[in-house]
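Going left to right, the sequence shown walks through residues 81 to 510 as my numbering numbers them. A virtual CB, placed ideally from N, CA and C, is assigned to each residue, including glycine.
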Amino acid sequence: MVLNMALVGAGGMGMRHATGYVELRKYFDDVRMVAVCDPHLESAEAVAGVIAEGTPEAPRVFGSLADAVESNDVTLDAVDIVTSTPAHHGLAIEAMEAGLDVMVEKPMGLTLTACRLMQRVEAATGRVLSISENFRRDPMNRLARALLDAGAIGQPYFALDFSVGSANRGVMHSTVWRAKKVQAGGVVLDAGVHNADLLLYLMGPAVRVFAETDVNDRERVLRPMSDQAPGLAAMYTHRREGGGEEVGDAVEQDAVDTAFTSIRFESGAAGQMVISDAAHGYGLGESVVVGSEGTLYRPPSRRGIGPRIVRGDGSTVEGDDLLALVPGWELDDVTSALWDGERRMSSYEMDFRQIDAKIIAIEYMDLARSSIGDGSPEVGSDVGMAALALAYGVMESGEAHEAVLIEDVVSGKVRGFQDVIDRAAGIVEC
Ligand SMILES: NC(=O)c1ccc[n+]([C@@H]2O[C@H](COP(=O)([O-])OP(=O)(O)OC[C@H]3O[C@@H](n4cnc5c(N)ncnc54)[C@H](O)[C@@H]3O)[C@@H](O)[C@H]2O)c1
Numbered sequence: 081m082v083l084n085m086a087l088v089g090a091g092g093m094g095m096r097h098a099t100g101y102v103e104l105r106k107y108f109d110d111v112r113m114v115a116v117c118d119p120h121l122e123s124a125e126a127v128a129g130v131i132a133e134g135t136p137e138a139p140r141v142f143g144s145l146a147d148a149v150e151s152n153d154v155t156l157d158a159v160d161i162v163t164s165t166p167a168h169h170g171l172a173i174e175a176m177e178a179g180l181d182v183m184v185e186k187p188m189g190l191t192l193t194a195c196r197l198m199q200r201v202e203a204a205t206g207r208v209l210s211i212s213e214n215f216r217r218d219p220m221n222r223l224a225r226a227l228l229d230a231g232a233i234g235q236p237y238f239a240l241d242f243s244v245g246s247a248n249r250g251v252m253h254s255t256v257w258r259a260k261k262v263q264a265g266g267v268v269l270d271a272g273v274h275n276a277d278l279l280l281y282l283m284g285p286a287v288r289v290f291a292e293t294d295v296n297d298r299e300r301v302l303r304p305m306s307d308q309a310p311g312l313a314a315m316y317t318h319r320r321e322g323g324g325e326e327v328g329d330a331v332e333q334d335a336v337d338t339a340f341t342s343i344r345f346e347s348g349a350a351g352q353m354v355i356s357d358a359a360h361g362y363g364l365g366e367s368v369v370v371g372s373e374g375t376l377y378r379p380p381s382r383r384g385i386g387p388r389i390v391r392g393d394g395s396t397v398e399g400d401d402l403l404a405l406v407p408g409w410e411l412d413d414v415t416s417a418l419w420d421g422e423r424r425m426s427s428y429e430m431d432f433r434q435i436d437a438k439i440i441a442i443e444y445m446d447l448a449r450s451s452i453g454d455g456s457p458e459v460g461s462d463v464g465m466a467a468l469a470l471a472y473g474v475m476e477s478g479e480a481h482e483a484v485l486i487e488d489v490v491s492g493k494v495r496g497f498q499d500v501i502d503r504a505a506g507i508v509e510c
């Protein structure tokens, strides 16, 4: 069966999904992108143009998902929601109620309340709900997980995850919504949900967090993406700000930009996660898991650089020697096909844009296979909510100045920070 899809949201990440779709079609025939929807029709045209150029498809352009669903010009089986985060839950629910399967960008929903509403509709309709969490799908993160599972560093004691840098008072990705608390903005939440998912992927479920959080740089400015995130600039040139803001405009940021978090995992291991984009003149990117027999160094995702293990005696295991520690480890058939048939690798050479596209292609195949009943998505609603609960656990703890249990964030028992967001967005749980 071929899945007819609409790409909903044609901003920066929408463009990256279009390039992912073009990559997918070089290898697989399971999906057809027949529509692109965005109220900014020129943005939708630009994204549809990339698909038309790179594949045999010429997607129709619509101003909204509802227009595409009602149109006689396209027939849809599924949607790929890549809008700014505030629209995720409403569109996912609308799509599932219209009988469509859903793939939605991270974070799964605006808040955990929004996620619970999505999950309720998922259960009631029986539709597939898949979260586009990409970092864990990098073959190098698959290898890191396999090494931990094989006991290559013994019993994990603790994980350290530091993403500290300076946005030079720019707004993340030069998108106004990312400056705003009520739109789930800020690097700690918007990027932190990736850090959270990877920590959970490597360390297992989290039980409790305690965090100190701040908004340090409140006065920010919309900088050109070529300054803000040069590697992604080409993907963002076509996008338009909803409020008509222009490069150079001042933006008030009330979204948390700095967090220091202690985590206790169900396994008994501990974790420390530090995220900031307000560290002027300072930068630190480090992700390690320390165990009873050594330390696993995990390089940044989507670079092709493999992990490295250092033992207590100072000896290092790296490169293909790592593969000897995981003799049974292989990439899944979809990832392997996209990496030109490689099944086992300890590094790879590819530029960021191509890696990014290939990982998005994996996400399309995850949805396509789940849609035909061949398994369920790797990052389903429970997994998506666990990552968001860890990221919001940081916010809740930072505001309450006390430790919070992750299960209480998932259930909604702890929700003070998110209540403000739910009220602003009109999200009500019956
Ligand atoms: N997985 C990743 O690595 C990654 C990277 C960047 C962004 N994201 C996620 O992707 C999403 C989009 O981020 P972005 O950087 O592209 O933001 P963006 O602001 O560039 O684009 C958002 C687009 O959504 C459109 N939109 C808003 N409401 C809509 C609606 N109801 N229907 C149709 N279109 C609508 C806007 O007009 C805009 O074009 C966010 O949730 C973000 O967290 C994920």
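Looking only at its own chain, which residues have a Cβ that is under 6 Å from the Cβ of residue i, when we skip the five neighbours before and after it?
i, result
"P236", "A349, V369, G371"
"F290", "S342, S477, A483"
"Y428", "G384"
"V162", "G89, M93, G94, H97, E185"
"E213", "K186, D277, V459"
"A224", "R378, P387"
"G399", "S426"
"D488", "V494"
"A138", "A132"
"A226", "V406, W409"
"A417", "Y107"
"R423", "E410, L411, S416"
"R140", "A115, D153, V154"
"G91", "R319"
"N84", "R112, V114, T155, L156, D157"
Check this for me: beta carbons of residue i and residue j, under 9 Å apart or not?
i, j, result
"L405", "A230", "yes"
"L485", "V273", "no"
"V414", "M445", "yes"
"D270", "M353", "no"
"G250", "W257", "no"
"S381", "F497", "no"
"A437", "E103", "yes"
"V494", "V268", "no"
"L447", "M188", "no"
"R196", "A175", "no"
"E332", "L302", "no"
"E122", "H318", "yes"
"G374", "I389", "yes"
"V463", "L280", "yes"
"G100", "A124", "no"
"A194", "H168", "yes"
"P285", "A480", "no"
"D307", "N221", "no"
"V397", "A232", "yes"
"G129", "R105", "no"
"D357", "D294", "no"
"R217", "I507", "no"
How is residue i classed by DSSP in three states: helix, strand or coil?
i, result
"G421", "coil"
"F290", "strand"
"C510", "coil"
"G94", "helix"
"F108", "coil"
"E373", "coil"
"T191", "coil"
"L82", "Looking at the sequence shown, residue 82 is not Leu but Val. The answer is coil: DSSP assigns V82 none of H, G, I, E or B."
"M113", "strand"
"D118", "coil"
"S416", "helix"
"T99", "helix"
"A128", "helix"
"V406", "coil"
"A239", "strand"
"G392", "coil"
"L87", "strand"
"S246", "strand"
Near residue i, what residues of its chain come up, given a Cβ to Cβ distance below 8 Å and the 5 sequence neighbours on each side ignored?
i, result
"K261", "D334, A335, V336, V500, I501"
"F238", "A349, A350, G351, Q352, V369, V370"
"V82", "D109, D110, V111, R112"
"D329", "V301, L302"
By Cβ distance below 7 Å, which residues in the same chain neighbour residue i in space, the five residues on each side in sequence not counted?
i, result
"A359", "V244, G245, S246"
"A309", "H253"
"L145", "A86, V88, C117, V159, L171, E174, A175"
"D181", "D157, A158, R207, V208, L447, S451"
Measure from the C-beta of residue i to each C-beta in chain B and report whether the shortest distance is under 9 Å.
i, result
"D229", "The displayed structure is made up of one protein chain only, and chain B is not part of it."
Quick check for students: name the residue ranges of the beta strand (DSSP E) that lie wholly in the stretch 334-388, counting only runs of 3 or more. Segments of the beta strand (DSSP E) lying fully in the stretch 334-388: 338-345, 350-356, 364-371, 374-377.
Runs of beta strand (DSSP E) lying entirely within the stretch 292-332, each at least 3 residues, in chain order: If we require 3 residues or more, the beta strand (DSSP E) runs fully inside the stretch 292-332 come out as 299-301, 330-332.
Note down, one range per segment and in chain order, each beta strand (DSSP E) of at least 3 residues found wholly within the stretch 455-493. Whole beta strand (DSSP E) segments, 3+ residues: zero.
Just to confirm the assignment: which complete beta strand (DSSP E) runs, minimum length 3, are found wholly within the stretch 135-221? Runs of the beta strand (DSSP E) spanning 3 or more residues and lying entirely within the stretch 135-221 occur at 140-142, 158-161, 181-185, 209-212, in chain order.
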